[in-house]
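See below for the structure under consideration.
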Amino acid sequence: GGGEGYLWGAVLGATLITLLKAELQDWLPKLLGTSGNFEIVVFGLLMLLVLQRAADGLWPLLAGFTRRVLKMSPDKRTLAPAGEVRLDHHALPPKGEQVLQAQKVTKRFAGLVANNEVDMDVRAGEVHALIGPNGAGKSTFFNMISGVDDPTEGQVRLKTRDMKGKPSRAFAALGLGRTFQHVRLLGERSVLDNVALGAHQRGHKGWVASMLRLDRAEEAAVLAEAMRQIERCGLGAVADTPAASLPLGQQRIVEIARALAGQPAVLLLDEPAAGLRHLEKQHLAELLGQLREEGLAILVVEHDMEFVMNLADRITVLEFGTVIAHGSPTEVQANPRVIAAYLGGDL
Ligand code: ADP
Ligand code: MG
């Protein structure tokens, strides 16, 4: 049928673009810094543009080419039932076990200490909230513990492994899932397609190998896994709806479902309640409570104090890059330094 290669086109296109972007981000500073070779930069940007435009058409093109090379016709491919191909499943660590640990994490930007010897851990089966005024260093810390940027000093451990110098891909492969402050979904694609992307990026196999696999059983397994996460998050009724046509609250939950499809042990959520209406916040809180029950370790950066105080098991408070308080919601709310830091706020 016409839509057959649709998902894979999207997956392939999005992956290529993501990879290209990552590579360009590595190369650009070097290129501009040393030789100033603008041709390559411009070429890269053009490639990006073309890919972004052609994302839909790429897969059918590639698949057709591969079939011709392999002298294979689509109807001769074996149709295995969905149950036969299994995606890797990682068991969650036992509740209470440290999944993610930051020790004396320091980040300096020319003259500014954005994170100052920050200690924190996130345990299986808990919601840990990171709060603090604007500019306190919360986003910087998120980048430190997800491999987006490297600490100047200090150590990050994921499931007891030292993550020094590891790229964000390695964090994801080891069981770290995250959502972003601003929703990043393929708006015209269905909820199912978006979540399937997360199931596909499990990172245990080479992306070229998995992209070029013409195995329908594998595709079915990915879709089944995506559907499982969609049901888990209560989005079953909107699985076929284009993501952009959903209200913001549901889009945030789609992002969580996509992260869950990558089988994380720890989930980092950057301001998941921002911009949500009261009822949407309640749904989100219920979902996070359910995931905590299932044994996930959850770290949220959140400004909504009511949301945080009702949901979090532990709270760490940052101010000017330094941890000024840590404890239960009750302890933190009674802390004079916290009250002072939030003077004029609604804590
Ligand atoms: P928060 O997320 O708590 O609002 P951030 O982590 O974004 O705070 O920022 C902490 C401090 O570090 C701010 O003063 C910000 O201006 C600074 N900062 C963040 N990223 C950079 C950067 N890439 N270069 C220089 N300064 C930065
Ligand atoms: Mg921030």
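The numbering used here puts the first residue of the sequence shown at 780, with every later residue one more than the last. Where is the CB? At the ideal position from N, CA and C, for every residue including glycine. On a predicted model such as this, the values are computed, not experimentally measured, just so you know.
DSSP, reduced to helix, strand and coil, places residue 898 within a strand of the structure shown.
Contact between the region 924-936 and the region 869-889 is present: three or more C-beta pairs spanning the two stretches fall below 8 Å. Beta bridge pairing from DSSP links residue 936 with 880 and 941. Residue 879 is classed as buried because its beta carbon has at least 16 other beta carbons within 10 Å across all chains shown.
Those residues placing their Cβ nearer than 5 Å to any heavy atom of the ligand ADP are, following chain order, 888, 893, 913, 914, 915, 916, 917, 918 and 919. Shortest gap from the CB of residue 960 to any heavy atom of the ligand MG: under 8 Å. Residue environment for residue 963: exposed (fewer than 16 other C-beta atoms within 10 angstroms of its C-beta). At least one heavy atom of the ligand MG sits closer than 8 Å to the Cβ of residue 1080. Using a Cβ-Cβ distance cut-off of 8 Å, the region 899-912 and the region 1094-1102 are in contact, since at least three pairs of beta carbons, one from each stretch, lie closer than that value. Taking C-beta atoms under 8 Å as the contact rule, residue 1120 and residue 912 qualify, at a distance of about 6 Å.
Beta-bridge annotation (DSSP): residue 886 is paired with 894.
By the C-beta criterion, the region 1001-1008 is judged to be in contact with the region 972-979, since at least 3 inter-stretch pairs fall below 8 Å.
For residue 953 against residue 940, the beta-carbon gap comes to about 7 Å, under 8 Å, which counts as contact.
The criterion of a C-beta distance shorter than 9 Å is satisfied by residue 872 and residue 1074. With contacts defined by Cβ atoms closer than 9 Å, residue 1041 and residue 915 do not form a contacting pair. Put simply, of 1045, 1058 and 1049 the residue whose alpha carbon is nearest the alpha carbon of residue 1029 is 1058.
Residue state for residue 956 is assigned as strand, using DSSP reduced to three classes. In the DSSP annotation of this structure, residue 1083 is not part of any beta strand (DSSP E), being labelled neither H nor E. DSSP places residue 1098 in the uninterrupted beta strand (DSSP E) bounded by 1093-1098.
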